[in-house]
Amino acid sequence: METHKLNWENLEERNIKHKATKISKTCRMCSRCFGTVLSRENHEIQEHHFTASKRAQTSAGFSLHNMLECKSPQELQRFADEKIHPASGPLRAACVAEIAVLVQRIQDCFPVGDPRVIQAGSYIKGTDTRGCSEIDIVLFSDVFANANHCKKQLREGLDALRKNLKQTSYGNRILMGKRAPLSLRFNFLCTGSLHSHSFEIMAYYDVLGPTPSADLKLHLYRKLYLCKDSDEAQLCALALLPYQVDFVKASVGRVKELVRLVMHWFKTSFANPTEENKFRRLPSSYTVELLTIYVWELAGKPLLFSLVQGLRAVLKLLVQYTEIDIVWHRHYHRKFPVFVKVNQKHTRPFILDPVNPTVNVCDTCNAWDEVAHVARCSLLKPLFSRVRAEPPWLFTNNW
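First residue of the sequence shown: 521, per the numbering used here; consecutive thereafter.
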């Protein structure tokens with residue numbers, strides 16, 4: 521594990537993304553949960569003396585040879601090609617082939633016959649980086665339709681899958697993570713063990729089916745809004761995963777390059793959590809994807825653009841995170857009752873999941889103030905020295 525520098529903490533981060541609404545209200549120091557973000561922040565100041573100066577000491581942690589030290593757009597592009605973008609050519613083709621075989625093995629090893637397979641994650645959406653590649657697998661089967669016994673069957677099915685996978689020819693390249701209540705998580709060493717992919721596997725029955733009607737999706741939104749069982753809500757929402765993938769994949773290739781830069785910035789610009797603030801959580805990768813897509817849309821959806829200008833725009837928006845208020849209306853309309861109720865109660869930062877009007881994806885983070893501080897420091901780095909907004913990014917002058 522040390523040799524390959526496997527990103528085990530990434531598996532842990534992905535496990536808590538499903539409990540998003542609690543994370544933003546959870547103390548970074550003691551994990552105590554509060555009713556509001558404001559009360560959580562007051563607690564951190566009063567009980568843990570987490571002041572602005574303390575935040576400045578614990579948040580930023582720029583790695584050596586950081587991309588922010590690049591001095592021109594050309595140098596940034598070279599850095600991205602060499603250090604961030606996933607391998608291309610024959611190596612990528614070999615990787616694609618191995619992943620396809622492994623996904624088939626997962627389907628064959630699952631004890632419930634012939635499940636329908638859904639794939640998601642940064643690898644599938646085209647936003648994976650050289651150091652972070654996520655693959656989410658959902659196995660849909662009608663066997664799990666009986667809610668009374670569902671969780672027990674799910675756990676047994678995933679335990680059997682865990683055992684069966686270790687017995688395959690790929691078993692010595694699968695490094696299992698800690699057991700999670702509703703998922704199976706592992707890292708897979710791929711293509712001569714030169715890199716790894718983080719897998720998360722879940723199973724349930726498809727509450728929507730492959731071609732749902734608009735009314736059926738609205739019915740699911742109502743069910744998710746009223747659901748008091750967080751596990752059940754998490755499982756039901758799996759049916760929306762393909763729409764999340766489609767939303768991100770619809771962006772042009774240049775946007776995915778920008779997403780990779782922002783993801784790399786998060787990985788290389790923050791200090792590692794200490795024992796004191798070990799419950800700090802940064803935004804999820806899906807949150808980063810949506811935020812980047814939104815900034816690109818504000819610029820008029822250009823097919824080609826400067827990565828320096830795009831990255832600068834994203835960082836400037838992060839500095840003023842309390843103004844983030846983003847909604848798309850492609851899967852639910854403005855007068856849909858669930859959306860109206862969620863929108864009335866929302867607090868910023870607010871990015872409503874474009875395919876699920878019950879989830880503010882910004883709630884996956886309890887450290888937006890730290891994100892803003894590091895973004896502010898980043899804008900002072902050589903990459904942005906003497907850089908001014910150019911068309912179509914002139915709107916950032918107002919930020």
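Heads up, the beta-carbon is just placed ideally off N, CA and C, and yes, glycines get one too.
Computed from a prediction, not measured in an experiment: that's the story for all the values here.
Delimiting residues of the beta strand (DSSP E) encompassing residue i
i	result
C897	C897 -> not in any beta strand (DSSP E); alpha helix (DSSP H) instead, spanning W888 to S898.
L659	E654 to F660
N707	L704 to C710
R636	R636 to A640
Y724	H715 to Y724
L695	I694 to M696
CA nearest to the CA of residue i, picked from the options
i	options	result
K787	G651, L872 and T556	G651
I846	L685, K545 and C882	C882
L681	C710, N792, E720 and K645	E720
Q577	K836, Y763, A791 and L838	A791
P912	M549, E777, F599 and S826	S826
C590	V907, L903 and L914	L903
I644	E843, V616, R636 and C629	V616
L584	S789, E796, S804 and L802	S789
L558	T867, K683, P822 and T649	T867
E843	V808, W919, H851 and L758	W919
P793	S771, G581 and A613	G581
K901	L914, T916 and L831	L831
A770	C710, G677 and G646	G646
D601	Q864, E777, T916 and S805	E777
Where residue i falls, given that 16 or more other Cβ within 10 Å makes a residue buried
i	result
P869	buried
W888	buried
V860	exposed
K537	Because the pLDDT of K537 is 46, which lies under 50, any placement of that residue in the model is unreliable, and the question is left without a value.
D656	buried
P635	buried
D766	exposed
A723	buried
G609	exposed
G820	exposed
P857	exposed
S905	exposed
G677	buried
T556	exposed
Residue i and residue j closer than 8 angstroms at C-beta
i	j	result
S653	P606	yes
Y725	F630	no
A909	Y841	no
H784	I604	yes
F554	H568	no
T812	V775	yes
N797	R560	no
L755	L702	yes
R801	T884	yes
C828	V907	For clarity, residue 828 is Val in the given sequence; the question names Cys instead. Contact flag set, yes.
S718	C710	no
T649	R780	yes
L746	Y690	no
Where the alpha helix (DSSP H) through residue i begins and ends
i	result
M549	Unbroken run through M549: none, as it is neither H nor E.
L824	Segment: none, L824 is in no alpha helix (DSSP H) and carries neither H nor E.
T916	From DSSP, T916 is part of no alpha helix (DSSP H); its letter is neither H nor E.
P593	P593 to F599
W785	G773 to T788
C921	Nothing can be reported for residue 921, as the shown portion of the chain is limited to 521 through 919.
S573	A572 to S579
I565	V557 to H568
N863	P857 to K865
V765	L761 to K769
Given 8 angstroms, three or more beta-carbon pairs between the region 876 to 894 and the region 740 to 760
In short, these stretches touch, since the Cβ pair count reaches three.
Is there contact between the region 829 to 837 and the region 888 to 901, where contact requires at least three CB pairs shorter than 8 angstroms?
yes
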